[in-house]
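Under numbering that gives the first Met the number 0, the sequence shown is numbered contiguously, ending at residue 655. C-beta: ideal position from N, C-alpha, C; glycine also. Predicted model, so just to flag it, every value in this text is computed and none were measured. In what follows, a structure is listed as structure tokens, so that the remarks can point back to it.
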Amino acid sequence: MDQAIKVVLFEDNPGDVHLLRVMLRGALDSCFELVSFDRLSGGLEYLKSNAVDIILLDLGLVDTQGLDTFHTLHAEIPDIPTVVLSGLSDEDVAVQTIRAGGQDYLVKGQFNVQVLARAMRYAIERKRAERILHQREQEYKALIENAPNIIVRLNKDLLVQFVNPAIEPAMGQPPAYYLGKPLHEACFPQELSGKYEEVVKGVFSRGKEDSLVFECFAQNQRRHYHARFVPEFSAKGEIETVLSILNDITALKETEEELRQAKDLAEEASQAKSAFLAAMSHEIRTPMNGVLGMIELALMRRPTSRVQQYLDLAKQSGQALLLIINDILDLSKIEAGMITIEEQPFDPRAMLESLFATMSLAAEQKGLEFRSNVAPALSSMALGDEGRLRQVLFNIIGNAIKFTEQGEIVVSIDVPRGERWRDICGAEGSFCLLASIRDTGVGIPAHMLEKIFDSFTQVNGRNYEFGGTGLGLAISRQLVEMMGGKIWVESEPGKGSLFTFVVPLEALAAEPIATEAQAVEAVHAEARSLKVLIAEDNSINQILASEILKEKGHSMFVVENGQAALEALRKEKFDLVLMDAKMPVMDGEEATRRIRAGEAGDPDVPIVALTAYALKGDRERFLAAGMDDYISKPIDMQELERVLQEVHDKATLPEQ
């Protein structure tokens, strides 16, 4: 042993004391400290004030004899292991001594050094094990009794064998009340007890843990619990009991309910925002349609040069206002999750050529040089969102022109390859379109580079000088990311900026598509006069639509609501119905459904939505109602001509 064993010997025979000291020296390699007493009374005082490892006790002392000697010692000093050394070879006395707490019983003259050493070591280790076991039991008891969870032990008869104190504040009765009772008598109502017992039986039969979430009414409160059932095995590996641990999850359930309510409120707020956006889009676009449309009509009258100059300026201002309105609505639609990226076939080269033609004119008007370069590797057909890609390019190139007073704008379009781009365009059949827009404008300070893509951000307030809302780049970043791409900027104040973005597209086999020139030629092809029914409640838009159609040689009949449109269709035949969506008495969707149901005239008459509703899902909603096409306000003249041409072609097809 590493440390000296402290031994107290009770022996009234000096010769035996000497003999035991010699034996201990041989048994313990002199690694011991021995103190001897011939009286029990004297040794007790010593034991109470000193740390001792083991007691060697002769039952026959000066002041006490027989088993009384052991009982007196053990009553006063129960925690120190005691080995009895007796001259009496009496089996009954030995048994009684062991049962009373003695660690061993040795008869003088019948044991040697080895036996003594073994007995002492065994006694010490056994007592230490008992102390550790007792300590663990106390710790376990403290944990169980102070645990916030309710802990219930059930036997195979499903009777409560043990329950900890946590049950009292939860269920209202002390632990003793539940012992020996079945669950439905102890704490749970019959219906819940049945579910609970079914799970316990399953644990007994399968030998595996299980769980149950339930609610019950206790202490005038509704509580939620998560119960875990753990099988407890005997030394033979048989399931003796099942331990049920109940965790009160009422607070968690209440939090979940609060989160659900918050989610519902957020969804309601989102719906309210969507409704507000739809209303604002309609209410703003309706008068803008009148403003821009009337200017367009005035320009058709071939005014004098001075008047035309005024009208051109008014048209430019109206279009600039419309761009700002569209930016605000676009940002709000993105934040409300009302914009999705559409995957449609398109010709990237044709789109870029058309856009560059428009942007180069804007650059030339400011005296700037506009140069563009498109990589030969760019596919002539791709699958992606042409409109959103064009919008991003338009915003960034437009900004470059706006913030550049002299110098040039250079746009490069490339198809990058290599490991750097694999994360964005690594899918099979995909490629990346890399766009770089470099200008020689005012530049962006370093501290603003991270913020430049935030909504309403202006570089040192210079948007007041150059115009704009500070939304274009925010919208562009979100659209690029929605398309699965990335956008970044490099800049130096006074030298210009380089905006770069990359988006993935899917390559398609080239297909012949009509060019813009062919489309214009088709629109201007000889057309017969169409008879058009206009269902529109706004008087200005009535005049605008009528005048535009009149200019194009068509006849029209105007009604103010869907009900009037049904009545008109019952009386006479029309080639086309231009249907507003929001009208009094009966809206355009309801009127369309009734027309398609055969309630008014030809159920197959072409119906085109002509409306200020322009949010996500509006087009699909109108088409689902039975309309054939959709034109948003303000009216795009080319879109209107396209629709009129399609109706004309359909009307003249039987004659050809």
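Beta-carbon gap between residue i and residue j smaller than 8 Å
i, j, result
"E124", "D57", "no"
"L298", "L310", "yes"
"H73", "A99", "yes"
"E342", "L382", "yes"
"I539", "G289", "yes"
"L105", "V83", "yes"
"V92", "L66", "yes"
"L245", "N148", "yes"
"L377", "R348", "yes"
"M358", "F345", "no"
"E196", "L157", "yes"
"V391", "S475", "yes"
"M481", "I340", "yes"
"D182", "F213", "Looking at the sequence shown, residue 182 is not Asp but Leu. No, Cβ-Cβ distance for L182 and F213 is not below 8 Å."
Given residue i as reference, the closest of the options once Cα atoms are compared
i, options, result
"K494", "C215, S545, V441 and P181", "V441"
"Q637", "K570, R620 and I547", "I547"
"K194", "L211, Y121 and A26", "L211"
"E491", "A508, M447 and E480", "M447"
"H553", "N325, V646, I324 and A271", "V646"
"L433", "I486, K572, G471 and R284", "I486"
"V112", "Q390, E363, L18 and A506", "L18"
"L321", "K632, V7 and M582", "K632"
"V488", "T285, D648 and L472", "L472"
"A169", "M119, P181 and Q220", "Q220"
"L296", "S545, A563 and S316", "S545"
"D617", "D603, K581 and A596", "K581"
"I150", "E129, P174, F203 and L575", "P174"
"I97", "K107, K314 and H70", "H70"
Cβ neighbours of residue i in the same chain (closer than 7 Å, five flanking residues each side left out)
i, result
"R437", "V409, G495 and L497"
"L153", "V159, Q160, V199, T240, V241 and S243"
"L60", "F9, D11, D37, R38, L39 and T68"
"E589", "G561"
"R592", "A624 and G625"
"A599", "L565, L568, R569 and R593"
"R389", "M350 and L354"
"L23", "V6, F31 and L33"
"S35", "L8, E10 and V16"
Reduced DSSP category for residue i - H, G, I as helix; E, B as strand; rest coil
i, result
"G383", "strand"
"D78", "coil"
"F498", "strand"
"M626", "coil"
"A657", "The displayed coordinates of the chain run from 0 to 655. Any statement about residue 657 would go beyond what the structure contains."
"D586", "coil"
"I150", "strand"
"N372", "strand"
"D209", "strand"
"F110", "coil"
"N246", "strand"
"I474", "helix"
"H70", "helix"
"A580", "coil"
"R641", "helix"
"A165", "coil"
"H133", "helix"
"S359", "helix"
"L565", "helix"
"R20", "helix"
"Q541", "helix"
"Q220", "strand"
Contact belief for residue i with residue j at Cβ below 8 Å, rounded distance in angstroms
i, j, result
"L55", "E75", "Going by Cβ atoms, the distance from L55 to E75 rounds to 16 Å, so no, they are not a contact pair."
"G292", "I634", "6 Å"
"V501", "I423", "6 Å"
"K551", "L622", "Wrong, their Cβ atoms sit about 25 Å apart, outside the cutoff."
"L609", "L577", "4 Å"
"F232", "D209", "The pair is not a contact, with the Cβ atoms about 16 Å apart (cut-off 8 Å)."
"S429", "E505", "5 Å"
"V607", "D627", "6 Å"
"T249", "H223", "5 Å"
"L507", "D574", "Not a contact, Cβ separation roughly 36 Å."
"R387", "L478", "5 Å"
Residues near residue i in its chain [Cβ-Cβ closer than 6 Å; skip 5 each side]
i, result
"P80", "I53, Q102, A122, I123 and K126"
"E559", "D536"
"S584", "Strictly speaking, residue 584 in this sequence is Val, with Ser absent from that position. Excluding positions up to five away in sequence, the list reads N560 and Q562."
C-beta neighbour in chain D for residue i, strict 8 Å
i, result
"A590", "No chain D is present in this structure, which holds just one protein chain."
Nonlocal neighbours in the same chain, by C-beta distance under 8 Å from residue i, ignoring five residues either side
i, result
"K207", "P230"
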